[in-house]
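Each residue of the sequence shown is one higher than the last, beginning at 11 in my numbering. Cβ coordinates follow ideal geometry from the N, Cα and C atoms, glycine included. Keep in mind the model is a prediction, meaning the values are calculated, not measured.
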Amino acid sequence: MAQGTESQVRRWGRLFAALAVLRSLADPGKSLPGADAFAGKATAAQRIDALKSDPYDALLKARKQGDARWKAAAAVFHSLPGLLEQGPLAPTGTLGKDRRPDFIAGYEAQLAQFKEAFPSLLG
11 MAQGTESQVR RWGRLFAALA VLRSLADPGK SLPGADAFAG KATAAQRIDA
61 LKSDPYDALL KARKQGDARW KAAAAVFHSL PGLLEQGPLA PTGTLGKDRR
111 PDFIAGYEAQ LAQFKEAFPS LLG
C-alpha cells in the first residue's frame with residue numbers, strides 16, 4: 011500500500027496501476043500499459059480516463075474469468091479506497107517532464123506489489 015509520505019502525483023500513479031491491473035484481470039487480452047502510456051502531456055485524471063477501465067465493470071468481467079482472476083480482481087478493487095483517501099483528489103496540471111517520473115514511480119511500485127501478490131496472473 012502507498013506510504014503516507016508519498017506525493018499526490020505518486021499516489022495517482024498507484025491508482026493508475028490499480029485500474030490498469032483491474033482492466034487486465036477482466037480482459038486478459040488487454041495488456042498493462044507500457045512506456046508509451048506515459049508519453050506526452052496529460053493530467054493524472056486524463057491518463058486514468060484513457061485506460062477506459064470501469065472498476066465495477068472490470069470486477070464483474072473478472073468474475074466470469076474464473077476463481078483466480080475473480081479473487082485477484084476483488085483484492086485490487088478493495089485497494090482502491092485506500093489509494094484515494096490518502097490525500098486530495100487528482101493533482102492539477104499536466105504531468106510534464108518534472109512530474110511524470112513521480113507518477114511512473116507510483117505506477118511501478120503499485121504494479122510490483124500486485125505482481126508479487128498475483129504472480130501467475132500478472133507475472
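Drop a sphere of 10 angstroms on the beta-carbon of residue i, count the other beta-carbons inside from all chains shown, and report buried for 16 or more, exposed for fewer.
i	result
Pro101	buried
Ser130	exposed
Ser41	exposed
Asp59	exposed
Ala122	exposed
Ala12	Model confidence at Ala12 stands at a pLDDT of 48, short of 50, so the residue's coordinates are unreliable and nothing is read from them.
Gln56	exposed
Measure the Cβ-Cβ separation of residue i and residue j and say whether it is below 9 Å.
i	j	result
Gly23	Tyr117	yes
Lys71	Ala30	no
Leu61	Pro43	yes
Ala45	Thr104	no
Arg2	Asp77	What the structure shows of the chain is the stretch from 11 to 133, and residue 2 is not part of that stretch, so it cannot be assessed.
Ala85	Ala127	yes
Ala27	Phe124	yes
Ala82	Leu132	yes
Candidates the options: which alpha carbon is nearest residue i's?
i	options	result
Leu69	Ile58, Gln56, Leu90	Leu90
Ala54	Gln123, Leu94, Glu126	Leu94
Gln18	Ile114, Lys81, Ser34, Asp46	Ile114
Ser63	Arg33, Gln75, Ala47, Trp80	Arg33
What residues match up with residue i in a beta bridge as DSSP calls it?
i	result
Thr104	Thr53
I want to check one thing, is the minimum distance from the CB of residue i to the heavy atoms of the ligand NAP below 8 Å?
i	result
Arg79	This structure simply doesn't include the ligand NAP, nor any ligand for that matter.
DSSP three-state label for residue i, please.
i	result
Ser130	helix
Gln18	helix
Leu69	helix
Arg109	coil
Ser41	coil
Glu118	helix
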